[in-house]
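**Q** Taking our numbering, I'd label the letters of the sequence shown as residues 7 to 312.
Note that the Cβ used here is the ideal one computed from N, Cα and C, for glycine as well.
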Amino acid sequence: MAQPAPPQPLNWTVVGQGAIGLLAACRLSRHGTNVTLWLREQRTVNVQFVAANQQSSFVFSMPSKALNAVLVPVKSYAVISAVQQLKANLAADAQLVISHNGMPDLALLQAQLLPSQGLWFLTTTHGAVTSGTENQIRVEHTGGGQSVLAPVNAVARLYARQVEPAMHTALGPVQQVEDILPFLWHKLAVNAVINPLTAIHNCRNGELRQPHYRRQLEAIIAEVCSVATASGYPLDIAATNDTVRSVMEKTAQNYSSMQQDIYRKRQTEIDAISGFIVRQANKLGLNVPENMQLQQQILQLQQRYL
Ligand code: KPL
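Spelled out as structure tokens, the structure:
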């Protein structure tokens, strides 16, 4: 019987120059992995990387051949068009690791790829901030986090031995699991609380530990847990409260991605976070007034500049 061809060595490319993508690119480079950046136009990017008070510098260029391992850490609203743009440049056995906040449409993502191309999803609690100019960027690792990684299709599993260690270097520690969805509901609860509230109050994650936020935090969490549970992904309210508090603690100094988006007048991921919860609640006949209010407040802030 013919043996399947052994997996090819992976050359990693990171899409865009967002904070999490550059954090991953710098950590891979620091480890000796050759990384390229996939950008809209041909150019090189100089990055000054600051982590645990240590600085290092990296220069990233664009890939010159077909892509066989791609980390796509773009915003939820941009992921499908990013994958569509990459498609023509992907090797037939390419591995794609998608990472964003909020709920992905995994079937839609899968439909963009060939059956021979591997699809992964990674969710992370790492925090990073960028500053500087387009070609000269400073990336600061502001909140040490962790990640959960899962293969989304069967062909991805053949590459687990290569993809998992690379993601461990890039955004580890990584827990590899078979089904990402229960973890995405957990992460959704974290983002549903921290992201809109820090954006509305223009504060760091740790600020939300103040007692006057307690009632609202608990109400948001109770709503997310009821929607998750009714969707077939049971979330315990007390355990979810603990998870949210522990992320606020670990990323206390960090500005959430939504706070940064509103501050820098960019589109937010509210539609894939609170928006997803509201849509799912409507389908299930549940009431989620707290999440609905947060969604409205963020949309109003965004409308001022979008
Ligand atoms: O995912 C995050 C984000 O900012 O988007 C958290 C975990 C809240 C870290 O800031």
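Taking just the CA atoms, how far does Val85 sit from Ala98?
**A** Within the sequence shown, numbered from 1, the residue matching residue 98 stands at position 92. Within the sequence shown, numbered from 1, the residue matching residue 85 stands at position 79. Taking the straight line joining both Cα atoms gives about 20 Å.
**Q** CA-CA distance, Ser153 and Ala228?
**A** Taking the sequence shown and counting its residues from 1, one reaches residue 153 at position 147. Taking the sequence shown and counting its residues from 1, one reaches residue 228 at position 222. Approximately 24 Å between the Cα atoms of the pair.
**Q** Taking all protein chains shown into account, do 16 or more other C-beta atoms lie within 10 angstroms of the C-beta of Thr249, making it buried, or fewer, making it exposed?
**A** Position 243 of the sequence shown, counted from the first residue, corresponds to residue 249. With 16 or more other Cβ atoms within 10 Å, it is buried.
**Q** Determine the direct distance from the alpha carbon of Asn297 to that of His279, and round the result to whole angstroms.
**A** Your numbering for residue 279 matches position 273 in the sequence shown. Your numbering for residue 297 matches position 291 in the sequence shown. Note on residue identity: the sequence assigns Ile, not His, to residue 279. Going from the Cα of Ile279 to the Cα of Asn297 covers about 9 Å.
**Q** Give the range of the beta strand (DSSP E) segment to which Gly138 is assigned.
**A** Here the question's residue 138 lines up with position 132 in the sequence shown. Run containing Gly138: Gly133 to Thr139, per the beta strand (DSSP E) assignment.
**Q** Are there three or more Cβ pairs, one per stretch, closer than 8 Å when the region 144–158 is compared with the region 48–64?
**A** Because the criterion of three Cβ pairs below 8 Å is met, the region 144–158 and the region 48–64 touch.
**Q** From Ala258 to Ala225, what distance separates their C-alpha atoms?
**A** The count along the sequence shown starts at 1 and reaches residue 258 at position 252. The count along the sequence shown starts at 1 and reaches residue 225 at position 219. Straight-line Cα distance between these residues: approximately 21 Å.
**Q** Can you have a look at Val311 and say buried or exposed, based on whether 16 or more other CB atoms are within 10 angstroms of its CB?
**A** The residue given as residue 311 occupies position 305 in the sequence shown. Reading off the sequence shown, one finds Tyr at residue 311, where the question assumed Val. Counting Cβ neighbours within 10 Å, Tyr311 comes out exposed, since fewer than 16 surround it.
**Q** Could you spell out the range, first to last residue, of the alpha helix (DSSP H) harbouring Asn197?
**A** In the sequence shown, the residue the question calls residue 197 occupies position 191. Leu187 to His207 is the extent of the alpha helix (DSSP H) around Asn197.
**Q** For Ser63, is the beta carbon positioned less than 6 Å from some heavy atom of the ligand KPL?
**A** Position 57 of the sequence shown, counted from the first residue, corresponds to residue 63. Because no heavy atom of the ligand KPL lies under 6 Å away, the Cβ of Ser63 does not count as near it: no.
**Q** Do Val76 and Thr19 have their CB atoms nearer than 7 Å?
**A** Reading the sequence shown from its first residue, position 70 is the one you call residue 76. Reading the sequence shown from its first residue, position 13 is the one you call residue 19. Yes.
**Q** Could you check if Ile200 belongs to the surroundings of the ligand KPL, using beta carbon to heavy atom distance under 6 Å?
**A** In the sequence shown, residue 200 corresponds to position 194, counting from 1. Result yes, Cβ under 6 Å from the ligand KPL.
**Q** Does the Cβ of Gly238 lie closer than 6 Å to at least one heavy atom of the ligand KPL?
**A** Locating residue 238 in the sequence shown gives position 232, where the first residue counts as 1. No, Cβ of Gly238 sits at least 6 Å from all heavy atoms of the ligand KPL.
**Q** Can you check the region 223–296 for any alpha helix (DSSP H) of at least 4 residues that lies completely inside it and give the ranges in chain order?
**A** Segments of the alpha helix (DSSP H) lying fully in the region 223–296: 243–256, 263–269 and 280–290.
**Q** Can the beta-carbon of Thr274 be found less than 7 Å from the beta-carbon of Gln303?
**A** Numbered from its first residue, the sequence shown carries residue 274 at position 268. Numbered from its first residue, the sequence shown carries residue 303 at position 297. No, the pair does not count as a contact, with Cβ atoms beyond the cut-off.
**Q** Under a three-way DSSP split, which group does Gln306 fall into?
**A** As a working mapping, residue 306 is identified with position 300 in the sequence shown. DSSP places Gln306 in helix when its eight states are reduced to three.
**Q** Apart from the five residues on each side of it in sequence, which residues of its chain come closer than 8 Å, Cβ to Cβ, to Thr131?
**A** Start at 1 with the first residue of the sequence shown, and residue 131 comes out as number 125. Taken in chain order, the residues that qualify are Gly149, Gly151, Gln152, Ser153, Lys193, Val196, Val253, Lys256 and Thr257.
**Q** What would DSSP say about Gly212, mapped onto helix, strand or coil?
**A** If you number the sequence shown from 1, residue 212 lands on position 206. Correct three-state label for Gly212: helix.
**Q** CB-CB under 7 Å to Ile243, same chain, minus the five flanking residues each way: which ones, in chain order?
**A** In the sequence shown, counting from the first residue as 1, residue 243 sits at position 237. Only Ile227, Ala228 and Cys231 meet the Cβ criterion.
**Q** State the start and end residues of the unbroken beta strand (DSSP E) segment that holds Gly22.
**A** Mapped onto the sequence shown, residue 22 falls at position 16. No beta strand (DSSP E) contains Gly22, which DSSP labels as neither H nor E.
**Q** Got a sec? Which residues, its chain only, sit under 7 Å from Gly281 by beta carbon, not counting five neighbours each side?
**A** Translated into positions along the sequence shown, residue 281 becomes position 275. Result list for Gly281: Gln301, in chain order.
**Q** Is Ser262 close to the ligand KPL? I mean its beta-carbon at under 6 Å from any heavy atom of the ligand.
**A** Indexing the sequence shown from 1 puts residue 262 at position 256. Yes; taking the cut-off as 6 Å, the Cβ of Ser262 has a heavy atom of the ligand KPL nearer than that.
**Q** Restricting to runs no shorter than 3 residues, where is the beta strand (DSSP E) found entirely within the region 103–185?
**A** With a minimum length of 3 residues, the continuous beta strand (DSSP E) runs that stay inside the region 103–185 are 124–130, 133–139, 142–149, 153–157 and 180–182.
**Q** Please report the straight-line C-alpha distance between Met7 and Ala162, rounded to a whole angstrom.
**A** The sequence position of residue 7 within the sequence shown is 1, counting from 1. The sequence position of residue 162 within the sequence shown is 156, counting from 1. Residue confidence for Met7 is low, a pLDDT of 48 falling below 50, so the modelled location carries little weight; the figure read from the coordinates is stated next. When rounded, the distance between both Cα atoms is 22 Å.
**Q** Taking the continuous beta strand (DSSP E) assigned at Ala57, which residues delimit it?
**A** Here residue 57 refers to the residue found at position 51 when the sequence shown is read from its first residue. Element bounds for Ala57: Val51 to Ala57.
**Q** How do the region 110–121 and the region 133–149 stand: do at least 3 beta-carbon pairs fall below 8 Å, yes or no?
**A** With a cut-off of 8 Å, the region 133–149 and the region 110–121 do not count as touching, because too few Cβ pairs lie within range.
**Q** Give the straight-line distance between the Cα atoms of Thr136 and Asn201, rounded to the nearest whole angstrom.
**A** Counting from one through the sequence shown, the residue named residue 136 turns up at place 130. Counting from one through the sequence shown, the residue named residue 201 turns up at place 195. Taking the straight line from one Cα to the other gives about 17 Å.
**Q** In chain order, what residues of the same chain have a beta carbon less than 6 Å from the beta carbon of Ile186, not counting five sequence neighbours either side?
**A** In the sequence shown, residue 186 corresponds to position 180, counting from 1. Phe127 and Ala156.
**Q** Could you please give the first and the last residue of the uninterrupted beta strand (DSSP E) stretch that includes Val89?
**A** For this step, residue 89 is matched to residue 83 along the sequence shown. Element bounds for Val89: not the beta strand (DSSP E) but the alpha helix (DSSP H), Val85 to Leu92.
**Q** Taking just the CA atoms, how far does Gln299 sit from Arg167?
**A** As a first step, residue 167 must be located in the sequence shown, where it is residue number 161. As a first step, residue 299 must be located in the sequence shown, where it is residue number 293. Those two C-alpha atoms are separated by around 44 Å.
**Q** What residue range does the beta strand (DSSP E) around Ser62 cover?
**A** Here residue 62 refers to the residue found at position 56 when the sequence shown is read from its first residue. Start and end: Gln60 to Phe66.
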